[in-house]
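The next block holds one structure in the form of structure tokens; read it before the comments.
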Amino acid sequence: MTTDSDVESSADRDGADDGQTSARAPDDDTEAYADLGATTENAMAIAETSMDRVRELVPDETLADRVRQKAVHATGDPEFQHLVRFTGETDDEPVRAGAEAVLDERPIVTDITMVKAGITGRGHSCPVRKAIGNGADLAERTGMTRTAASVLELDREGVYDGAVAVVGNAPTAALALADCIEDGTRPAVVVATPVGFVKAAESRERLREVAREHGVPAVTNVGRRGGSGLAAGLTNELVHVASDARKGDVALE
140 MTTDSDVESS
150 ADRDGADDGQ
160 TSARAPDDDT
170 EAYADLGATT
180 ENAMAIAETS
190 MDRVRELVPD
200 ETLADRVRQK
210 AVHATGDPEF
220 QHLVRFTGET
230 DDEPVRAGAE
240 AVLDERPIVT
250 DITMVKAGIT
260 GRGHSCPVRK
270 AIGNGADLAE
280 RTGMTRTAAS
290 VLELDREGVY
300 DGAVAVVGNA
310 PTAALALADC
320 IEDGTRPAVV
330 VATPVGFVKA
340 AESRERLREV
350 AREHGVPAVT
360 NVGRRGGSGL
370 AAGLTNELVH
380 VASDARKGDV
390 ALE
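To convert a position in the sequence shown, counted from 1, into the numbering used here, add 139.
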């Protein structure tokens with residue numbers, strides 16, 4: 140397992156099919172499953188059945204429950220609902236903050252290309268960008284990882300203030316983001332699920348501590364597991380909550 144990968148496959152560099160193309164445009168009934176790429180009748184049936192089964196295993200009462208459900212769906216593991224952590228006055232606070240940022244069309248900033256490719260293009264008008272590819276000079280000069288340098292470079296440009304900051308792969312990116320928050324940066328919300336055996340759990344723990352100390356809402360997890368797909372899925376759920384709020388189906392106040 141690669142824990143802090145700056146080496147991306149050709150498919151990742153070129154961008155993955157995120158399900159945004161289809162033989163026909165989705166109607167209103169398919170919007171709830173846009174992040175799954177479900178727009179045909181058969182795909183819709185599969186997506187709906189899958190989420191119905193998740194709801195049998197995970198409570199469906201709060202906004203935080205929706206994120207827990209998404210975590211279970213993304214990992215295929217019902218026990219993962221118990222590994223999700225919410226930093227805020229309530230568990231719902233990071234979800235509200237993320238949805239409000241989406242409604243305000245704030246940037247969504249990911250650590251690597253793979254996470255960016257997994258962010259749905261439907262239901263929001265937020266600019267989505269990746270950090271990796273920035274800060275090459277800093278990485279070469281200091282010897283730090285490219286992902287850490289890229290976060291520091293974007294932070295120097297003020298990109299993370301008010302943004303949805305997403306880390307799905309690189310523990311050093313999460314550690315760099317924690318340093319930025321400690322130095323005064325204030326993302327609207329942080330979603331961080333870096334994966335691996337080296338620094339992954341520790342990076343998330345530090346990010347939780349710093350976010351709690353400085354009042355930054357955050358969604359993270361404990362343990363070694365995580366990854367790009369999980370980070371993208373949780374971020375997409377913030378988009379779905381925002382869409383429901385826009386329609387009046389969810390109250391964010």
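Note that the Cβ used here is the ideal one computed from N, Cα and C, for glycine as well.
message = Given this structure, state the Cα-to-Cα distance separating C265 from P246, to the nearest angstrom.
response = For C265 and P246, the gap between their C-alpha atoms comes out near 5 Å.
query = Where does V336 fall in DSSP's three states?
reply = Sequence check: residue 336 is Phe here, not Val. DSSP places F336 in coil when its eight states are reduced to three.
request  = Mind the definition here: the region 301-313 touches the region 322-338 only if three or more C-beta pairs lie below 8 Å; say whether that holds.
outcome  = Note that the region 301-313 touches the region 322-338; at least 3 beta-carbon pairs, one per stretch, sit closer than 8 Å.
message = Give the list of continuous beta strand (DSSP E) stretches no shorter than 3 residues that lie fully inside the region 216-256.
response = Counting whole runs of 3 or more residues, the region 216-256 contains the beta strand (DSSP E) stretches 223-226 and 247-249.
key: Sheet register partners of N273 (DSSP bridge)   = DSSP lists I271 as partners of N273.
query = With distances taken from CA atoms, which of T374, D383, V355 and L222 is nearest T229?
reply = Closest by alpha carbon: V355.
ask   = Quick check: the region 286-301 against the region 336-351, are there 3 or more CB pairs under 8 Å?
value = Contact fails: fewer than three Cβ-Cβ distances are below 8 Å.
request  = Pull up the distance between the alpha-carbon of A313 and that of H263, whole angstroms please.
outcome  = The straight-line gap from Cα to Cα measures roughly 25 Å.
request  = Measure the Cβ-Cβ separation of R224 and V380 and say whether it is below 9 Å.
outcome  = No, they are not a contact pair.
ask   = So the alpha helix (DSSP H) N360 belongs to, where does it begin and stop?
value = It is not in any alpha helix (DSSP H) - N360 instead sits in the beta strand (DSSP E) that spans A357 to N360.
ask   = Just curious, the alpha helix (DSSP H) that V211 is in, first and last residue?
value = For V211, the enclosing alpha helix (DSSP H) starts and ends at L202 to T214.
Sequence-distant residues of the same chain with beta carbon closer than 8 Å to T311, five excluded per side = Hits under 8 Å: D143, M283, T284, T286, A287, K338 and S342.
message = The beta strand (DSSP E) that contains A304, what's its start and end?
response = Start and end: V303 to V306.
inquiry  = Going by DSSP in three states, A317 sits in which element: helix, strand or coil?
reply    = The answer is helix: DSSP assigns A317 an H, G or I state.
Same chain, Cβ closer than 7 Å to V211, neighbours up to 5 away in sequence not counted = Take V211, set aside five residues on each side of it, and the residues of its chain with a beta-carbon closer than 7 Å to its own are V193, L196, V197, P217, F219 and Q220, in chain order.
inquiry  = Here's a check: name, in chain order, each residue in its chain whose Cβ is nearer than 7 Å to the Cβ of D168, leaving out the five neighbours to either side.
reply    = Summary for D168: the model assigns pLDDT 49, below 50, so the residue's position carries little reliability; its value from the coordinates is reported in the next sentence. Closer than 7 Å at the Cβ level, and outside the excluded window around D168, lies no residue.
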